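Enquirer:
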Amino acid sequence: MSIQKVGVVGCGLMGHGIAQVAAQGGCEVVVVETERGFLDKGMARITKSVNKLAEKMVEKGKATEEQAQAGAAATLGRISGSLERGELNDCDLVVEAIIEDLEVKKTLFAELGAACKPETIFASNTSSFPVGEMAEASGRPERFVGLHFFNPVQLMRLVEVVRTERTDEEVFAAAKAFGEACGKTAVSCKDTPGFVVNRLLIPYMTQALQMLERGDASKEDIDAAMQLGCGHPMGPLTLTDYVGLDTTLLILQGWKERYPDESAFDVPELLVQKVAAGKLGRKTGEGFYTWEGDKRC
Ligand SMILES: NC(=O)c1ccc[n+]([C@@H]2O[C@H](COP(=O)([O-])OP(=O)(O)OC[C@H]3O[C@@H](n4cnc5c(N)ncnc54)[C@H](O)[C@@H]3O)[C@@H](O)[C@H]2O)c1
């Protein structure tokens, strides 16, 4: 089963990156948005990123100017943007990267299931929802996987390929091969909350918040300890500011609702308070730290 034409739904932070790496992997890509403004912004981001990559290849001596420009033009030539959902109907694979709202995603997949050719494989880039629920909504659960890329997609080398109990082996293998064609290391995971990375990372972040709440150590010391003691590029509280306190809270609350007996999903009161106060992290200029753009003050 080979994947040649890929549809990407949503051209935001993740969707534009997925469209780019799929085209770099040789696929023909159509990316679908709801509004012209979002589409134009996403397509401009792709163009900028593809051209930047070409410049870097020249700088590093990996390609001549001519080769790099030809490569960039070929990648961009394989990507088209559209506001017409019908453009997805003949895709071999459709990857969904719209807002993290389960009901909206299920509605989208029900509509895609009715419109796309029977062979089309569906994938969701969800970070926190059960893939199986969207798979059932699509009406073709055996042709459904999770493809969880990481931000920024162009740079992060991992994709988690998630199978439900009903995913066909052949479909799973095709999705994994697609992830590898996108230049990623593809790890397999069952349909468990947070898959591998977030299942480990979110409870780690909440443990750090609980340490801070108890007054065990200051935020600076917790962060320095994990950076210098474990070699992490940033400490857990800086990381929470980066991810967004609201996003972290939403994920945790969703998991707690589904798995009330799992203590790893306990919601720290400090997180609830910060979000209620509008201190969402880097994006609002204040979370656990204050921020000026991408810089921690
Ligand atoms: N941001 C991250 O770090 C990250 C990492 C991994 C996975 N994810 C997941 O990826 C998904 C997308 O996140 P994002 O950060 O790219 O969000 P985003 O808000 O940047 O982009 C979402 C885009 O989807 C578009 N959209 C919404 N509904 C649509 C529809 N019905 N049809 C077409 N387009 C539609 C919006 O206009 C928007 O441009 C979410 O499920 C999120 O959980 C995010």
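No gaps in the numbering here: position 210 of the sequence shown is 210 in the working numbering, and each next residue is one more. Where is the CB? At the ideal position from N, CA and C, for every residue including glycine. Just so it is clear, the structure is predicted and the values come from calculations on it, not from any experiment.
Less than 8 Å between C-beta atoms, sequence neighbours within five positions excluded: which residues of the same chain meet that for Val196?
Expert: Glu160, Val187, Cys189
Enquirer: Can the beta-carbon of Thr167 be found closer than 8 Å to that of Met205?
Expert: no
Enquirer: Less than 7 Å between the CB of Glu100 and some heavy atom of ligand 1, yes or no?
Expert: yes
Enquirer: What number of angstroms, rounded off, separates the C-alpha of Glu136 from the C-alpha of Gly215?
Expert: Rounded to whole angstroms, Glu136 to Gly215 spans 45 Å at the Cα level.
Enquirer: Roughly how many angstroms lie between the CA atoms of Ser80 and Gln20, to the nearest whole one?
Expert: 11 Å
Enquirer: Quick one: Cα of Ala63 to Cα of Arg199, how far?
Expert: Each residue's alpha carbon lies about 40 Å from the other.
Enquirer: Under 7 Å: does the beta carbon of Leu108 sit that close to some heavy atom of ligand 1?
Expert: yes
Enquirer: Please list, in chain order, all residues of the same chain as Glu84 whose beta carbon is under 8 Å from its beta carbon, the five residues on each side excluded.
Expert: The residues are Val32.
Enquirer: Please determine whether the Cβ atom of Leu239 lies at a distance below 7 Å from any heavy atom of ligand 1.
Expert: no
Enquirer: By a C-beta neighbour count over all protein chains shown, 10 Å radius and 16 as the cutoff for buried, is Thr192 buried or exposed?
Expert: Counting the other Cβ atoms within 10 Å of the Cβ of Thr192 gives fewer than 16, which makes it exposed.
Enquirer: As an exercise, report each continuous beta strand (DSSP E) stretch of at least 3 residues that is fully enclosed by the segment 170-214, in chain order.
Expert: 185-190
Enquirer: Would you mind reading off the limits of the beta strand (DSSP E) that contains Ile79?
Expert: For Ile79, the enclosing beta strand (DSSP E) stretches over residues 79-82.
Enquirer: Helix, strand or coil: how does DSSP classify Glu160 here?
Expert: strand
Enquirer: Quick test of your reading: Val171 and His148, contact by CB under 8 Å. State the CB separation rounded to the nearest angstrom.
Expert: Not quite, the Cβ-Cβ distance comes to about 16 Å (not below 8 Å), so this is no contact.
Enquirer: So, Val30 versus Gly10, is the Cβ gap smaller than 8 Å?
Expert: No, the pair does not count as a contact, with Cβ atoms beyond the cut-off.
Enquirer: When we look at the beta-carbon of Ala123 and count the other beta-carbons within 10 Å, is it buried (16 or more) or exposed?
Expert: buried
Enquirer: Rounded to a whole number of angstroms, what is the C-alpha to C-alpha distance between Ser218 and Gln207?
Expert: Distance between the alpha carbons of Ser218 and Gln207 is about 13 Å.
Enquirer: What is the DSSP secondary structure of Lys5, counted as helix, strand or coil?
Expert: Three-state result, Lys5: strand.
Enquirer: What is the DSSP secondary structure of Ile99, reduced to helix, strand or coil?
Expert: coil
Enquirer: At the level of alpha carbons, what is the spacing between Val95 and Lys105?
Expert: Approximately 11 Å, taken between the alpha carbons.
Enquirer: How many angstroms separate the CA atom of Gln67 from the CA atom of Val58?
Expert: 9 Å
Enquirer: Answer yes or no: the CB of Ser188 versus the heavy atoms of ligand 1, is any distance below 7 Å?
Expert: no
Enquirer: Under 7 Å from any heavy atom of ligand 1, does the C-beta of Ala115 make it?
Expert: Because no heavy atom of ligand 1 lies under 7 Å away, the Cβ of Ala115 does not count as near it: no.
Enquirer: With a threshold of 7 Å on Cβ separation, who are the neighbours of Pro130 within its own chain once the five nearest residues in sequence on each side are excluded?
Expert: Asp191
Enquirer: Just the C-alpha distance for Gly293 and Phe38, rounded to the nearest angstrom, thanks.
Expert: 22 Å
Enquirer: Suppose you measure from the CA of Ala110 to the CA of Gly139; what does that come to, to the nearest Å?
Expert: 7 Å
Enquirer: Return the first residue and the last residue of the beta strand (DSSP E) that Val32 is part of.
Expert: 28-32
Enquirer: Between the Cα of Gln273 and those of Glu213, Arg258, Ala224, spot the shortest distance and give me the residue it belongs to.
Expert: Glu213
Enquirer: Report all residues from its chain with a CB closer than 8 Å to the CB of Glu194; omit the five preceding and five following residues, and keep chain order.
Expert: Here residue 194 turns out to be Gly, not Glu, going by the sequence shown. Around Gly194: Ser127, Ser128, Leu200, Leu201, Ile202, Ile251, Trp255.
Enquirer: Classify Gln4 as buried or exposed, calling it buried when 16 or more other Cβ atoms lie within 10 Å of its own Cβ.
Expert: Exposure of Gln4 is indicated by the presence of fewer than 16 other C-beta atoms within 10 angstroms of its C-beta.
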